[in-house]
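Data block below; observations after.
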Amino acid sequence: MPLPYVSSSPVLNRRVQRLRELAEAEPRLDGVLLYGSWTLGEADEHSDLDAYLFVRDADADTFDGREFVERLAPLKLAHTNMHGILAVVFEDLMRGEFHVDPAGPGIDLIPSWEGMVHLPDPGSAVLLDRTGRLTAAARRLAGFRPPEPVSTAQELCDELANWTLMLAHVRARGETARAYNLLHAVVAPLQLKLCRLLRGSTAHWLTPSRALERDLPEADRARHLATTGGARPAELRAAALESWRWSRDLAAEAAARWGTVLPLQLHDEIAESLAGE
152 MPLPYVSSSP VLNRRVQRLR ELAEAEPRLD GVLLYGSWTL GEADEHSDLD AYLFVRDADA
212 DTFDGREFVE RLAPLKLAHT NMHGILAVVF EDLMRGEFHV DPAGPGIDLI PSWEGMVHLP
272 DPGSAVLLDR TGRLTAAARR LAGFRPPEPV STAQELCDEL ANWTLMLAHV RARGETARAY
332 NLLHAVVAPL QLKLCRLLRG STAHWLTPSR ALERDLPEAD RARHLATTGG ARPAELRAAA
392 LESWRWSRDL AAEAAARWGT VLPLQLHDEI AESLAGE
């Protein structure tokens with residue numbers, strides 16, 4: 152049976168088809184659910200193969216996820232990553248992530264993903280469903296539910312102030328590498344989420360840098376680029392100052408639109424702290 156959705160990558164299409172065939176032939180599996188770019192209709196030759204393998208509860212303790220995944224194609228790497236997920240690299244350098252979960256509690260948890268995970272076409276996401284439970288759960292995620300703007304904007308503005316102040320403190324202490332990491336790993340994603348919220352472009356909410364070049368206006372992309380820089384002290388100082396200017400501009404825009412609260416004195420003090428040598 153042909154796949155209900157095919158990507159622009161023949162290699163990925165064949166691997167997904169192979170996964171479905173192997174899953175159907177594996178009696179210990181109750182269901183398989185794809186996630187990520189495949190389920191959003193955005194998969195290409197650079198995409199990963201991401202899936203939940205829902206194992207019959209009775210077999211959950213003995214099912215060898217790595218052995219099953221290796222039937223898809225030879226592996227160059229397989230390990231349990233920091234999130235407890237089986238992460239693999241296939242022989243052709245395609246990456247894969249496989250959650251191996253008991254079917255009972257695992258499928259029951261899926262409706263709680265509403266607002267975080269979007270499966271616009273559940274039929275292309277569900278590769279195997281022996282009981283019908285997985286398809287019913289996946290349908291709960293078919294409708295896109297954007298973040299509630301007012302409370303989300305307030306939370307993001309507060310987070311930006313808090314983390315940028317921490318950045319200022321650790322930079323002043325001389326921990327340049329730590330400040331650099333805070334700027335790029337913590338502050339930047341919060342900024343991009345707030346920017347997406349303001350622009351009404353929240354489809355890539357979980358990974359706000361994804362498709363940024365396509366999703367956000369050129370002016371916002373330029374502001375984001377101005378917040379990046381090297382890890383040398385002078386470059387970091389300039390990037391941090393520009394980052395906080397953009398955060399303040401975004402926060403002011405949110406306040407004008409949604410009435411969010413701005414602690415202006417604190418904002419000024421953060422700017423002064425960042426400006427210090």
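First residue of the sequence shown? That's 152 in this note's numbering, and the numbers climb one at a time after it.
Idealized CB from N, CA, C, for every residue including glycine.
Own chain partners of residue i with C-beta closer than 7 Å, once the 5 adjacent residues on each side are dropped
i, result
"E386", "G380"
"Y331", "A382 and L387"
"M267", "L357"
"A288", "I258, I261 and P262"
Sub-9 Å separation of residue i and residue j beta-carbons
i, j, result
"V167", "L185", "yes"
"H418", "W397", "no"
"W409", "P298", "no"
"T213", "P271", "no"
"R171", "V183", "yes"
"P253", "F219", "no"
"E265", "R222", "no"
"L425", "A319", "yes"
"D181", "T282", "yes"
"A430", "L345", "The structure shown does not extend to residue 430, since the chain is modelled only from 152 through 428, so no value can be given for it."
"D199", "G257", "no"
"H262", "L292", "Looking at the sequence provided, one finds Pro at residue 262 rather than His. Contact flag set, yes."
"S188", "T315", "no"
Cutoff 8 Å; reference residue i; Cβ partners in own chain excluding five residues on either side
i, result
"E196", "S159, S160, V162 and L163"
"T231", "L237 and A238"
"R347", "T353, H355, W356, P359, D366 and L367"
"A323", "S424 and G427"
DSSP bridge partner residues for residue i (one or two, in chain order)
i, result
"P253", "V206"
"Y186", "D201"
"T231", "L237"
Three-state class that DSSP yields for residue i in the structure shown
i, result
"F214", "coil"
"K345", "A small correction: the amino acid at residue 345 is Leu; Lys does not occupy that position in the sequence shown. L345: helix per DSSP, three-state reduction."
"D259", "helix"
"E221", "helix"
"L226", "strand"
"R246", "strand"
"L180", "strand"
"D366", "helix"
"T358", "coil"
"E172", "helix"
"A195", "Reading off the sequence shown, one finds Asp at residue 195, where the question assumed Ala. Residue state, collapsed to three classes: coil."
"T353", "coil"
"R324", "coil"
"V268", "coil"
"M126", "Nothing can be reported for residue 126: it is not among the residues displayed for the chain, which extend from 152 to 428."
Cut-off 6 Å between Cβ atoms - residues of its own chain near residue i, not counting five sequence neighbours on either side
i, result
"P384", "T327"
"H250", "Y203 and I236"
"A229", "R217 and V239"
"L341", "L307, E310 and L311"
"L349", "E404"
Practice problem: Would you list, in sequence order, the uninterrupted alpha helix (DSSP H) runs of no fewer than 4 residues that lie entirely inside the segment 372–424? | Solution: 384–409
Exercise. Go through the segment 271–302 residue by residue and report every complete run of the beta strand (DSSP E) that reaches 3 residues or more, in order.
Key: 277–280
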